[in-house]
Every structure is written in C-alpha cells, then in structure tokens.
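> My questions all concern the structure below.
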Amino acid sequence: MPAPCTALDCVCTGGVQGNCDTGLVCCQDGVAIPGGAGTCQAADACVPAPCTGDGCACNGGVLGNCDAGLVCCQDGEPIPGGAGTCVVEAECVPPACTGEGCFCNGGVEGACDAGLVCCLTDPSVPGGPGSCQTEEFCGPPPCIENGVACDATCGVDAECAACCSGYCSASGLCDVVPEPPIVCTSAGCACTTGTEAPCDEGLTCCATSDLPGGPGVCQAAC
Numbered sequence: 006m007p008a009p010c011t012a013l014d015c016v017c018t019g020g021v022q023g024n025c026d027t028g029l030v031c032c033q034d035g036v037a038i039p040g041g042a043g044t045c046q047a048a049d050a051c052v053p054a055p056c057t058g059d060g061c062a063c064n065g066g067v068l069g070n071c072d073a074g075l076v077c078c079q080d081g082e083p084i085p086g087g088a089g090t091c092v093v094e095a096e097c098v099p100p101a102c103t104g105e106g107c108f109c110n111g112g113v114e115g116a117c118d119a120g121l122v123c124c125l126t127d128p129s130v131p132g133g134p135g136s137c138q139t140e141e142f143c144g145p146p147p148c149i150e151n152g153v154a155c156d157a158t159c160g161v162d163a164e165c166a167a168c169c170s171g172y173c174s175a176s177g178l179c180d181v182v183p184e185p186p187i188v189c190t191s192a193g194c195a196c197t198t199g200t201e202a203p204c205d206e207g208l209t210c211c212a213t214s215d216l217p218g219g220p221g222v223c224q225a226a227c
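Residue 6 is where the sequence shown starts when you use the working numbering, and the numbers rise one by one after that.
Structure below.
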C-alpha cells in the first residue's frame with residue numbers, strides 16, 4: 006500500500022496528526038483548519054486571501070483592491086488614494102448636504118439639519134427651492150413700499166401680501182387701502198327711488214322723474 010501523500014500541495018484533512026510533512030500545515034482558503042479538507046502548504050504561505058468584497062476595507066488606487074463591480078469609496082467618492090471601503094459604484098455617492106447654506110426644497114422632511122429650516126427663495130412657491138438657514142436668518146422677505154410697482158403675483162385693486170400696505174392699487178402700484186366712498190343720505194342728497202334706506206331715518210327719497218327706480222332727492226316730505 007503506497008504511503009499517504011503528505012508533501013506540498015497534497016490533499017489533507019485538518020486536525021489529523023502527520024497529515025502534512027514537517028513545516029507544512031493543512032490549509033484551506035488561506036486558513037490552517039482544525040477539520041475539513043485542505044492542501045498541505047508552507048505555514049507562512051497559509052494566510053487568508055485579502056477581503057475585496059462589498060464592505061471590505063481598501064486603499065484607493067491599488068489594483069484588485071475590490072472585486073469587479075466595486076469601487077474603493079471614501080465619503081461618497083471613489084478615491085485615487087487613501088483608506089476607503091469597497092462598495093457598489095452606484096452606492097458611492099456623497100452624503101446629502103443638509104447643513105447651513107445647503108440647497109433644499111421646501112416641505113421635504115429632513116432636508117436640513119436640526120435647528121435649520123429650508124428658507125425658500127420665493128416664499129410664494131410652496132415646495133420651491135431654497136437653502137438651509139437658521140429661523141432667525143430666514144425672516145419674511147422685504148415688502149414693497151408704496152408708490153413702487155406691485156409684485157407680479159398681485160392683482161390690481163386687490164389685496165397684495167408683497168406690498169407693505171397689503172394693497173395693490175388700480176394703477177398697479179403699492180398704496181394705502183382707499184377709504185370707502187362716503188354716501189350722502191341726509192336732506193337734499195341725491196338718492197335712487199325704490200332702494201332700501203337710501204336716506205337718513207325720517208327722510209324719504211322723493212322722485213324727480215316718473216321712472217320707477219329713478220333718481221330722487223332725500224326730503225322730509227315729498
């Protein structure tokens with residue numbers, strides 16, 4: 006019966022005494038194993054294969070540092086040198102910028118760090134672009150003074166939040182809200198017959214023509 010093969014590269018079973026010649030160990034995938042099949046290798050050559058899979062530590066710029074389809078990534082960027090981690094290239098993206106001054110969109114949860122708000126470039130556009138700022142910095146935009154053209158979002162002769170006065174005149178300029186016209190209802194005032202309470206109490210709207218609902222004058226008696 007031939008002697009068992011115990012020399013270099015011979016098949017062996019870990020943990021079996023005399024399985025390999027002196028100076029050799031039963032090695033499997035770079036590890037001297039206590040059991041299971043392996044091959045006889047020099048002890049100094051029996052070292053684990055480098056970790057090159059997803060999540061393994063790596064150094065940028067070293068050929069074969071990561072498996073095919075992976076890149077050596079550091080802080081979201083493939084690096085030409087320095088320590089990183091092997092990840093799928095599509096996952097190697099910089100972390101989202103959420104600090105002060107970072108771009109953001111209004112209404113997006115977590116768009117800015119704690120203590121910051123997404124300060125919109127145009128507050129009239131909900132969900133629009135802005136930047137992460139402190140609430141103190143992100144105050145209301147300056148209003149438009151009277152006599153200056155109203156904001157494009159405002160209608161004429163209507164309320165306008167962009168105007169300091171809150172009103173855009175019929176001429177398209179920010180202005181004070183006009184006082185309602187004073188209606189004359191005392192004796193001698195013009196009135197329209199058939200309308201409700203066109204004259205002060207005790208006065209009657211006396212018609213000045215035969216037209217129903219026509220003009221008249223407020224008088225004590227017609």
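Cβ atoms here follow ideal geometry from the backbone N, Cα and C, with glycine treated the same way. What you are looking at is a predicted structure, and each value in this text was computed from that prediction instead of being measured.
Count the other CB atoms, across all protein chains shown, that sit within 10 Å of the CB of glycine 89; report buried if there are 16 or more and exposed otherwise.
buried
> Start and end of the beta strand (DSSP E) containing threonine 197?
195-197
> Whose CA, out of Gly193, Ser214 and Cys77, lies closest to the CA of glycine 199?
Ser214
> Do cysteine 194 and serine 174 have their CB atoms nearer than 9 Å?
no
> According to DSSP, simplified to helix, strand and coil, what is alanine 2?
Nothing in the structure corresponds to residue 2, since the chain is present only between 6 and 227.
> Are cysteine 32 and cysteine 51 touching if we call contact CB-CB under 9 Å?
yes
> Using only the alpha-carbon positions, how far apart do cysteine 61 and valine 76 sit?
11 Å
> On the DSSP letters alone, give me the boundaries of the beta strand (DSSP E) that glycine 89 sits inside.
88-93
> Report back the beta-carbon spacing between asparagine 110 and proline 134 to the nearest angstrom; my notes put them in contact at under 8 Å.
6 Å
> Starting from the C-beta of valine 92, find all residues in its chain whose C-beta is less than 7 Å away, skip the five residues before and the five after it, and write them out in chain order.
Asp59, Leu75, Val76 and Cys78
> Locate the beta strand (DSSP E) running through leucine 29, then write down its first and last residues.
29-33
> Select from Val113, Asp180 and Val161 the residue whose C-alpha is nearest the C-alpha of serine 170.
The closest CA to that of serine 170, considering only Val113, Asp180 and Val161, is found on Asp180.
> Residues in the same chain with beta-carbon distance under 6 Å from cysteine 196, minus the five sequence neighbours each way, listed in chain order, please.
Only Pro203, Cys204, Cys210, Gly221 and Cys223 meet the Cβ criterion.
> Quick one: what's got a C-beta closer than 8 Å to glutamate 82's C-beta in the same chain, skipping five residues either side?
Cys97 and Pro99
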